[in-house]
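A.B. asks: Numbering (the working numbering), first residue to last: 1 to 279.
Think of the CB as a built atom: it goes at the ideal place given N, C-alpha and C, for glycine as much as any other residue.
Would you mind keeping the following structure in view while I ask a few things?
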Amino acid sequence: MINQKRIVAVHDISCLGKCSLTVALPVLSAAGHEVLAVPTAVLSTHTGGFKGFTFRDLTEDLIPIMRHWQTLNLEYDAFYTGYLGSIKQVDIIGEMIQKLKTKNSLVFVDPVMADNGKLYTAFSDAFPDEMRHLCAQADIICPNITEAALLTKTDYKQGPFSRDYIETLLRKLSNLGPNKIILTGVFFEEKTLGAAYFDKGQTGYVFSDKIDGFFHGTGDVFASAFLGAYLKNHHKQKTLKIALDLTAESILRTKKDPYKRTYGVNFEAGLGDYALKTN
Ligand code: PXL
């Protein structure tokens, strides 16, 4: 199916570590979409587990990029935000989306800021408040459990979760404003892991086998794969399964890698298959 969409992807570039733009670009391209990349910062590595990383803040470039684009009269099918470098940046990006979007633009916000009960190193406790404003403008948001707890001011719990906890988070997230919620990192028992969705008052789940260990960048693989497939108009359950499969298979491949390349997961080898499933 030829159905190319134009997606504005707003994330950092972590030179090493396979996350944010270095994941979003190849995954969305594999689904056949055109990607306009807006780098929010350039870091030598991502901030998870490295010491001494560099951080070049590109906030000052964002408004000039937007002003130039405004002269081009383009239509954008989707805006996809991920890791944003500062509170000020979140605010500017929100404004940029409002100025550039048109009636049919989809706003997809992955509120990247925390995992395993903790905010990422670079963020202050005030960051979730600003991210909540950006989520209010979104059509779809895709937080993990920690991000969902911070956004909704709910106690963070470790899994296995109760249905009641997950469905309370979904309902509170939906009250923030977005139409659709995808909540990642959901598991009700130790053997399976997946995502919950909430759409028009309905809740559903997709799961695959749970793989032990912590793997960086999997949230970005999942969110990018979801958006790429979603914009091809697949049914949401199928879209979520495609995204979950790419993520789970990338983790498995990385686990089995005899060279132990652990700076991000090997999603690259799954892109051919992903392209076939989305098209
Ligand atoms: O994968 C999320 C992510 C993206 N970008 C940077 C990060 C992280 C998570 O730690 O540090 C710079």
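#1: Of all residues in the structure, which have a C-beta closer than 6 Å to any heavy atom of ligand 1, taken in chain order?
#2: Among all the DSSP beta bridges, which residues are the ones paired with residue 31?
#3: Is the beta carbon of residue 19 closer than 9 Å to that of residue 217?
#4: Quick check on residue 221 - is its C-beta less than 9 Å from some C-beta in chain D?
#5: Quick one: what does DSSP say residue 230 is sitting in, helix, strand or coil?
#6: By DSSP, does residue 128 sit in helix, in strand, or in coil?
#7: Between the Cα of residue 276 and the Cα atoms of 257, 265, 246 and 207, which residue gives the shortest distance?
#8: Which residues in the same chain as residue 42 place their Cβ atom closer than 6 Å to its Cβ, once the five residues preceding and following it in sequence are excluded?
#9: Contact defined as beta carbons within less than 8 Å: I believe residue 224 pairs with residue 28. What is the distance between those atoms, to the nearest angstrom?
#10: By how many angstroms is the C-alpha of residue 162 removed from the C-alpha of residue 185?
#11: Mind listing, in chain order, the continuous alpha helix (DSSP H) runs of no fewer than 4 residues lying wholly within the segment 52-112?
#12: According to DSSP, simplified to helix, strand and coil, what is residue 171?
#13: When the Cα of residue 3 is compared with those of 24, 34 and 16, which residue comes out closest?
#14: Measuring CB to CB, does residue 142 end up less than 9 Å from residue 182?
#15: Contact check, residue 219 vs residue 110 under 8 Å by CB: the rounded distance?
#16: Hey, could you find the ends of the beta strand (DSSP E) residue 16 is sitting in?
C.D. replies: Walking through what the data contain:
#1: Listed by chain position, these are 12, 14, 19, 20, 43, 46, 47, 48, 83, 112, 120, 217, 219 and 220.
#2: As DSSP reads the structure, residue 31 sits in no beta bridge.
#3: Contact: yes.
#4: Reference to chain D is not applicable here, since this structure consists of a single protein chain.
#5: The answer is helix: DSSP assigns residue 230 an H, G or I state.
#6: If DSSP states are grouped into helix, strand and coil, residue 128 belongs with the helices.
#7: With distances taken between Cα atoms, residue 276 lies closest to 246.
#8: Here residue 42 has 13 and 56 as same chain residues with Cβ atoms under 6 Å from its own Cβ, once five neighbours each way along the sequence are excluded.
#9: For a cut-off of 8 Å, the C-beta gap from residue 224 to residue 28 is around 6 Å, short enough to register as a contact.
#10: Their Cα atoms are separated by approximately 13 Å.
#11: Runs of the alpha helix (DSSP H) inside the segment 52-112: 59-70 and 87-100.
#12: The three-state reading of DSSP puts residue 171 in helix, counting H, G and I together.
#13: When only C-alpha atoms are compared, the closest one is 34.
#14: Taking 9 Å as the Cβ cut-off, residue 142 and residue 182 qualify as a contacting pair.
#15: Residue 219 to residue 110, Cβ: 7 Å. Contact.
#16: Following the DSSP letters along the chain, one finds residue 16 inside the beta strand (DSSP E) bounded by residues 6-16.
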